[in-house]
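Participant: One line per chain: the protein sequences are A and B, in this order.
Quick note: to get my numbering, add 5 to the position in the first sequence (first position is 1).
Quick note: to get my numbering, add 5 to the position in the second sequence (first position is 1).
Even for Gly, the Cβ is constructed at its ideal location relative to N, Cα and C.
Handing you this structure, nothing more for now.
There are 2 protein chains.
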Amino acid sequence: MRLATRANGTPDGELIVVSEDQGRARVAGPRWPSLLSAFGDWSAAEADLQAVDGCLAAGEGEPLDPASLRAPLPRAWQWLDGSAFQVHADLMQVAFGTDPIPSDKPLMYQGLSDRFYGPFEPVPFRSEADGIDFEGEYGVIVDAVPLGTGAAEAQTYIKLIVQINDWSLRKLAVPEMKTGFGWIQAKPACSMAPFAVTPAALGAGWRDGRVCLDLTIHWNGAHFGNANGREMRFGFHELIAHAAATRDLVAGTIIGSGTVANTDYAKVGSSCISERRAIEMISAGKPKTDFMAFGDRVRMEARSPNGGSPFGAMAQTVVDLRTLRPQLPGN
Amino acid sequence: MRLATRANGTPDGELIVVSEDQGRARVAGPRWPSLLSAFGDWSAAEADLQAVDGCLAAGEGEPLDPASLRAPLPRAWQWLDGSAFQVHADLMQVAFGTDPIPSDKPLMYQGLSDRFYGPFEPVPFRSEADGIDFEGEYGVIVDAVPLGTGAAEAQTYIKLIVQINDWSLRKLAVPEMKTGFGWIQAKPACSMAPFAVTPAALGAGWRDGRVCLDLTIHWNGAHFGNANGREMRFGFHELIAHAAATRDLVAGTIIGSGTVANTDYAKVGSSCISERRAIEMISAGKPKTDFMAFGDRVRMEARSPNGGSPFGAMAQTVVDLRTLRPQLPGN
């Protein structure tokens, strides 16, 4: 099953079910006006949504207009982003000039969850000097997870899988890390690809709590990376168990994988600029790739071995906030 | 004006306006069923709420049952907690055995915001071995703050002031700080005192973006601290400007002061156990006060110079989660 959210003028948008060929859709109906509302009673919602999915499989539904789509979950009560790819963590130490992180546990921070940009929304930033970077990653949306849930059991709470761009401001990142408090200024709102899909719908692409699909990234039309999600040191179920060790996870919590990265990065490339810069530092002594400029475009799309695009493509342009808001303070 | 939230079986509860003597209340009405809904259009809500407040001032309203009260804002889209008292930060370095934090900016992390415990709810934890500690602090709730808002202008977005207990698990805190990612396991849900009050209602207790009131804390009936909120290194307006540097703050965002602490701690005491332990380490070479045990009670109440209690008292008992949930995983 594949879900999406259509713009309807409300903060949470309108929940729709999307056909397997992504060409048709049908509204979930008045009982589940939004995906957030569906997470208020997921078991009941899932049954209703599957019934709608059955109608779509039978050829019903209306044509889907991709331009109408927002993030599948435009806002959530909680966004906990991991950093589960060891090679990414290792390369970021090079990029940031920081010491190895002394932890046998997953790395995780709590980020801004009151807004996720849609897959085609322009993304505004205040300044190119902040070091604007993308981070291609996968995420899962969970039903309510009780405190103390172990990793094995955590698998059962994973209801939907999503693809995320965790926008980052690199020049602000290291000073915030050094406080130990995590990131506020370095982590503005993320973006989400059009479709949230059930684990079953990913088929062989979902194994051992990992999204085993290539994440194809293009920056201004040039190929940038093609890393596969299979190399997570900790699977999503382990990230969930980590997060739920001392808190109940509210239904609709989104858990992120962190930037998708592979040990074979020389061949597959990267999922963020900072990591490419670290690779340049290792090979050439200094970084040569700059961060993003206003007007830059980034496109991210997970690909199935058969060429499918389970989450749909995310295609975004970085824009100067001051052009969007002439009345911006300090403008 | 003084607002509170009454339990009514919904996640956000029922918004009520409370009389100045805290003895009577009246529901805000169907247009503003909850405080969160009021932050959907604060200007309009504020006018309506002030009309209800006028009725209360004229002697109308029903008797207020304190036992019915939840946190004034039982859940929010965003909780950004600062650490703005320099003496607290200095003492925590002693307690944690960490280096001074190299930052001229406010310290701030994003915490769990999907649930705030009510003022009299028992607060469950998984284990005394985690180092259960309270942290008495103040907070503000803001209307939507545009990205780039400066500190002076930020004052105008502060709509309500609250009193918070930021529960902390100290044994988990240092390893998480050392990752640079901030706290997940060390920071479970916070509690909130009964009443959210407007800056005007605090009178002289609200000056220069600071809550200039003593925060009286008792632990198991014994006096523990009486620190005043005036010594924040950064005022709330400066914390807001910090948070809004690269993100729009969603309406209803809660910004915390961090643990209230004074340079005169030898006289006034502390607002968390960890800080008292640091003071013991300085004076006697080692800490002698243990963290909380199941069954312990903590009471926090800000006091006005005239003896008033603007936020009401928060009186809570720490309980073993396993007694509440016999089916807890691993139990």
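For GLN91 (chain B), which beta-bridge partners are listed by DSSP?
Facilitator: Per DSSP, none; premise fails for GLN91 (chain B).
Participant: From the DSSP output, which residues share a beta bridge with GLY261 (chain B)?
Facilitator: For GLY261 (chain B), which the question treats as bridged, DSSP gives the partners B:ASP86 and B:GLY144.
Participant: In whole angstroms, give me the CA-to-CA distance for GLY153 (chain B) and LEU20 (chain A).
Facilitator: Taking the straight line joining both Cα atoms gives about 33 angstroms.
Participant: Against chain B, does ASP17 (chain A) count as a neighbour if the rule is that its beta carbon must be under 8 angstroms from one of theirs?
Facilitator: No, ASP17 (chain A) does not count as interfacial toward chain B.
Participant: Compare the Cα-Cα distances from ASN250 (chain B) to each of A:SER262, A:PHE130 and A:ALA307 and report the closest residue.
Facilitator: Checking the sequence, you will find Ala at residue 250 (chain B) rather than Asn. Per the Cα distances, A:PHE130.
Participant: Could you tell me the distance, in whole angstroms, from the CA atom of ASN336 (chain B) to the CA atom of LEU326 (chain B)?
Facilitator: With a pLDDT of only 44 at ASN336 (chain B), under the threshold of 50, the placement of this residue in the model should not be trusted; the figure read from the coordinates follows. The alpha-carbon atoms of ASN336 (chain B) and LEU326 (chain B) are separated by roughly 10 angstroms.
Participant: Taking Cβ positions only, does LYS183 (chain B) come closer than 8 angstroms to chain A?
Facilitator: Chain A, which has a Cβ nearer than 8 angstroms to the Cβ of LYS183 (chain B), makes this yes.
Participant: When the Cα of PRO292 (chain A) is compared with those of A:VAL179, A:HIS223, A:GLY141 and A:GLY102, which residue comes out closest?
Facilitator: Among A:VAL179, A:HIS223, A:GLY141 and A:GLY102, the Cα nearest to that of PRO292 (chain A) is on A:GLY102.
Participant: When you compare the stretch 140-159 of chain A with the stretch 112-126 of chain A, are there three or more beta-carbon pairs, one atom per stretch, that lie closer than 8 angstroms?
Facilitator: Too few Cβ pairs lie closer than 8 angstroms, so no.
Participant: Is there a Cβ from chain A that is less than 8 angstroms from the Cβ of ARG252 (chain B)?
Facilitator: At least one chain A Cβ lies under 8 angstroms of ARG252 (chain B).
Participant: By the 8 angstroms beta-carbon criterion, what residues does the stretch 102-119 of chain B contribute toward chain A?
Facilitator: Cβ contacts with chain A: THR103, ILE106, PRO107, SER108, LYS110, LEU112, MET113, TYR114, GLN115, GLY116, LEU117, SER118 and ASP119.
Participant: Excluding the 5 residues flanking PRO111 (chain A) on each side, which residues of the same chain have their C-beta closer than 7 angstroms to its C-beta?
Facilitator: Closer than 7 angstroms at the Cβ level, and outside the excluded window around PRO111 (chain A), lie GLY87, ALA89, PHE239, GLU243, LEU244 and HIS247.
Participant: Could you tell me which of A:THR221, A:GLU133 and A:ALA33 sits nearest to GLY59 (chain A), measuring between CA atoms?
Facilitator: Closest option to GLY59 (chain A), Cα to Cα, is A:ALA33.
Participant: For LEU326 (chain A), verify whether its CB is less than 7 angstroms away from any heavy atom of the ligand SAH.
Facilitator: Ligands are entirely absent from the displayed structure, and the ligand SAH is therefore not among its contents.
Participant: Please list, in chain order, the residues of the stretch 140-160 of chain B that have any C-beta partner in chain A closer than 8 angstroms.
Facilitator: Cβ contacts with chain A come from PRO151, LEU152, GLY153, THR154, GLY155 and GLU158.
Participant: Counting only C-beta atoms, is CYS195 (chain B) closer than 8 angstroms to chain A at any point?
Facilitator: False, the Cβ-Cβ gap to chain A never drops below 8 angstroms.
Participant: Got a sec: is the Cβ-Cβ distance from PHE186 (chain B) to anything in chain A below 8 angstroms?
Facilitator: Yes, its Cβ sits closer than 8 angstroms to a Cβ of chain A.
Participant: With DSSP collapsed to three states, give me the class of ASP301 (chain A).
Facilitator: In this structure, ASP301 (chain A) counts as coil in the three-state DSSP scheme.
Participant: In terms of residue numbering, what span does the beta strand (DSSP E) encompassing PRO342 (chain B) cover?
Facilitator: Any question about residue 342 (chain B) goes unanswered here, given that chain B covers just 6 to 336.
Participant: Using the rule of at least 16 other Cβ atoms within 10 Å of the residue's Cβ for burial, across every protein chain shown, is PRO16 (chain B) buried or exposed?
Facilitator: With fewer than 16 other Cβ atoms within 10 Å, it is exposed.
Participant: Quick one: is LEU8 (chain B) buried, meaning 16 or more other Cβ sit within 10 Å of its Cβ, or exposed?
Facilitator: LEU8 (chain B) comes out buried.
Participant: Could you tell me whether the Cβ atoms of LEU254 (chain B) and THR203 (chain B) are closer together than 8 angstroms?
Facilitator: No. Outside cutoff.
Participant: Would you verify that the beta carbon of TRP47 (chain B) is, or is not, closer than 8 angstroms to some beta carbon of chain A?
Facilitator: No, its Cβ sits nowhere closer than 8 angstroms to a Cβ of chain A.
Participant: Report the neighbours of ALA89 (chain A) on chain B: residues whose CB is nearer than 8 angstroms to its CB, in chain order.
Facilitator: In chain order: nothing, as chain B lies at least about 12 angstroms away.
Participant: Is the beta carbon of LEU177 (chain A) sitting closer than 8 angstroms to the one on GLY123 (chain A)?
Facilitator: Result no, Cβ atoms of LEU177 (chain A) and GLY123 (chain A) do not sit closer than 8 angstroms.
Participant: Relative to the C-alpha of GLY257 (chain B), which candidate in B:ASN267, B:GLY144 and B:CYS217 has its C-alpha closest?
Facilitator: For GLY257 (chain B), the nearest C-alpha among the options comes from B:GLY144.
Participant: So, are the CB atoms of THR2 (chain B) and SER108 (chain A) less than 8 angstroms apart?
Facilitator: Past the boundaries of the shown model lies residue 2 (chain B); chain B is included only from 6 to 336, so the question cannot be answered.
Participant: Should LEU329 (chain A) go down as buried or exposed, given a rule of 16 or more other Cβ atoms within 10 Å for buried?
Facilitator: The residue in question, LEU329 (chain A), is exposed, as its Cβ has fewer than 16 Cβ neighbours within 10 Å.
Participant: Does the structure place the stretch 263-278 of chain A close enough to the stretch 213-231 of chain A that three or more beta carbon pairs sit under 8 angstroms?
Facilitator: Yes, the stretch 213-231 of chain A is in contact with the stretch 263-278 of chain A.
Participant: Can you confirm whether ASP325 (chain B), when its beta carbon is compared against all beta carbons of chain A, has any partner nearer than 8 angstroms?
Facilitator: Answer no: the Cβ-Cβ gap between ASP325 (chain B) and chain A never drops below 8 angstroms.
Participant: Skipping 5 residues on each side, what residues in its chain have a beta carbon closer than 6 angstroms to that of THR322 (chain B)?
Facilitator: Closer than 6 angstroms at the Cβ level, and outside the excluded window around THR322 (chain B), lie PRO127 and ARG302.
Participant: The beta strand (DSSP E) that contains GLN168 (chain A), what's its start and end?
Facilitator: Where GLN168 (chain A) is concerned, the enclosing beta strand (DSSP E) stretches over 163-170.
Participant: Distance cutoff 8 angstroms, beta carbons only. Does TRP37 (chain B) sit that close to anything in chain A?
Facilitator: Output row for TRP37 (chain B): interface = no.
Participant: For CYS60 (chain A), report the span of its beta strand (DSSP E) as first-last.
Facilitator: Element bounds for CYS60 (chain A): not the beta strand (DSSP E) but the alpha helix (DSSP H), 47-62.
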